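Numbering (this note's numbering), first residue to last: 3 to 233. Glycine is no exception: its CB is placed at the ideal position from the N, C-alpha and C atoms. Model, not experiment: these values are computed from the prediction. Everything on this sheet refers to the single structure shown next.
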């Protein structure tokens, strides 16, 4: 079964079960891949190509009108990248924003910087990026970093670093501005911030647990067909 066909079935189920009517262009399927993030599945992909993990949960994303328009403007090869701004002078981490890039851009870092510049209204030449997160197999969703990690352990560079997959599809990237001063902290201040962040993180984890209603769609026949088509 192709991703497009599954999305069509999801659309029908949303209408039947949830009384929600969405255009197909406003729906996306996301996969949660260990060590890689939550990339969007391409419309032409086939679920059988997920190998032995074909049965794992895929996540349905309903785009806002603005997101759907951004996706349309990005054109072929469009994909999402999650971005958060880090302000080292005030120790503030901005809310998560999802920007849309195209995999067809030859320079993915430059494309990401341009999107960040447009969205945040900041100069392109001052943007410094982290590597795409997650960067290892033991990182867990939502792949965020605590503020002390951003100060002491996370590297920001102007050159950026494209993931081995060739795009930032499903990755989280932090950025900061090169001209912004870094607030100096002593060990006691760092300890207090670390404690506060860990407490907030635990609270957010509990409060964000909202039961989602799954759309159960029978795929067994189509999945078998997929495997028979694989080389």
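Backbone CA spacing between residue 21 and residue 76 [nearest angstrom]: 30 Å
Assigned exposure category for residue 186 - 16 Cβ within 10 Å defines buried: exposed
Where the alpha helix (DSSP H) through residue 130 begins and ends: Where residue 130 is concerned, there is no enclosing alpha helix (DSSP H), although the beta strand (DSSP E) it sits in stretches over 129-131.
Buried or exposed (CB count within 10 angstroms, at least 16 for buried), residue 193: exposed
Exposed unless 16 or more other CB atoms sit within 10 angstroms - verdict on residue 159: exposed
Nearest residue (CA-CA) to residue 145, options 110, 38, 161: 38
Contact set for residue 80: own chain, Cβ-Cβ below 6 Å, skip 5 residues either direction: 73, 102, 104
Where residue 207 falls, given that 16 or more other Cβ within 10 Å makes a residue buried: Summary for residue 207: the model assigns pLDDT 48, below 50, so the residue's position carries little reliability; its value from the coordinates is reported in the next sentence. Answer is exposed; the Cβ neighbour count stays below 16.
In DSSP terms, what residue 33 is bridged to: 60
Alpha-carbon spacing of residue 162 relative to residue 46, whole angstroms: 30 Å
Residue range of the unbroken alpha helix (DSSP H) whose run includes residue 6: 5-20
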